[in-house]
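Mapping the sequence shown onto my numbering, position 56 (from 1) lands on 56, and the numbers just tick up by one.
Heads up, the beta-carbon is just placed ideally off N, CA and C, and yes, glycines get one too.
Being a predicted model, the structure only gives us computed values, none of them experimental.
A quick write-up on the structure given underneath.
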Amino acid sequence: MPAFDPLPLDQTPSTRLPMKRLAIATLAGAVTAAVANAIVYFIARAAGSLPDDVLVSTPGGEQAIDLPTVLIMSFVPILLAGVVLAVICRISKRPFTMFWAVTVLFWALSLTSIFGIEDAPGDMMVTLIFMHAVAAFAGVGVLSLLARD
């Protein structure tokens, strides 16, 4: 049995999501992801699970994980997620279902970078996996919640 779609047949999927609402939702999601990951970062640093002697690849080169990197790497992907949602809204009758599927796929792909860190202790890898989940699902959760009618 097909799922119920409350849109009239003559209404296009893109009319469901006003761009102003999407922009506000995207910004709120990005800020949420950054703040939530900053909290996790401070807890992880206090617990010693993000050591300074393990370097990770960043757009700026190899470096230890620091707060500015956490903030940027949490904020920017959610901004890109807002663009992806806008595109999906134009091509899908059920954009949020497709958007969440894409989110889970990109989150899973983002985890591959963690397993490439040389000499990373186990607790650091667990922390980074958790931080990826926090950024993705807190940010996209807020974005989705605020973008819907």
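The residues 30, 31, 33, 34, in chain order, have a CB closer than 8 Å to that of residue 75 in the same chain once the five nearest residues on each side in sequence are set aside. Per DSSP, the beta bridge partners of residue 58 are 61.
In the DSSP assignment, residue 91 falls within the alpha helix (DSSP H) that extends over 67-91.
Burial of residue 147 is indicated by the presence of at least 16 other C-beta atoms within 10 angstroms of its C-beta.
Bounds of the alpha helix (DSSP H) holding residue 43 are 19-47. In this structure residue 99 is buried. Its beta-carbon is surrounded by 16 or more other beta-carbon atoms within 10 angstroms.
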